[in-house]
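Numbering (the UniProt record's numbering), first residue to last: 1 to 219. Right, one structure below, let's go through it.
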């Protein structure tokens, strides 16, 4: 929901940072890698050690790298197919690290109930599935745009809940996890419905390499 609408107001802050990095001689792909590495380190170190508010603030700042590298690519003369693939891959890694660390914290430090742990695992898996449905659908020629809980919403809700919990607000992480779990399941179904209703949804695809073609006549 916020992916498109949030870019224009954020550009006021992102573009000067992108220009600064370009003047330093950094490439968009280098910024993508650095941002992903830093995000993973913060998640797996700060969250399990109970530095929740610090983890939320720093993770939020590094999440902005997802917009910086894209802005740099446009200023650089245009993004590349590898750059887009690298960016999407790093997004999946950082999302996985963040929600895996939160799930670990819930189990070890928070003494969470089994339903809450299950909900957190649901967010961890569904966050990957939401992105995969879009990627696989677009590889098949579908147009899958939007969704209730895309990556910006997922990060905002998750990090706000984490930060508030770190400040002592009771049940903040519980609410965030349940909202994300329900919203993520809905978004998976929403994107599958978009794919199912696409005009090209019922087109026959070629069998995978090595598979027996049922239309081939046997000798």
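Idealized CB from N, CA, C, for every residue including glycine.
The Cβ atoms of residue 173 and residue 155 lie no closer than 8 Å to each other. Straight-line measurement puts the Cα of residue 149 at about 21 Å from the Cα of residue 171.
Distance from the CA of residue 62 to the CA of residue 160, rounded to the nearest whole angstrom, comes to 15 Å.
Rounded to the nearest angstrom, the gap between the Cα atoms of residue 139 and residue 91 is 18 Å. Sorting 158, 119, 108, 77 by C-alpha distance to the C-alpha of residue 94 places 158 at the top. Taken atom to atom, the span from the alpha-carbon of residue 51 to that of residue 166 is near 7 Å. For residue 202, the secondary structure class from DSSP, reduced to helix, strand or coil, is coil. Sixteen is the threshold: since fewer than 16 other Cβ atoms of the shown chains lie within 10 Å of the Cβ of residue 193, the residue is exposed. Residue environment for residue 16: exposed (fewer than 16 other C-beta atoms within 10 angstroms of its C-beta).
Taking a contact to require three or more Cβ pairs closer than 8 Å, the stretch 124–132 and the stretch 21–41 do not qualify as touching. With respect to the 8 Å criterion, residue 196 and residue 133 are not classified as neighbours on the basis of their beta carbons.
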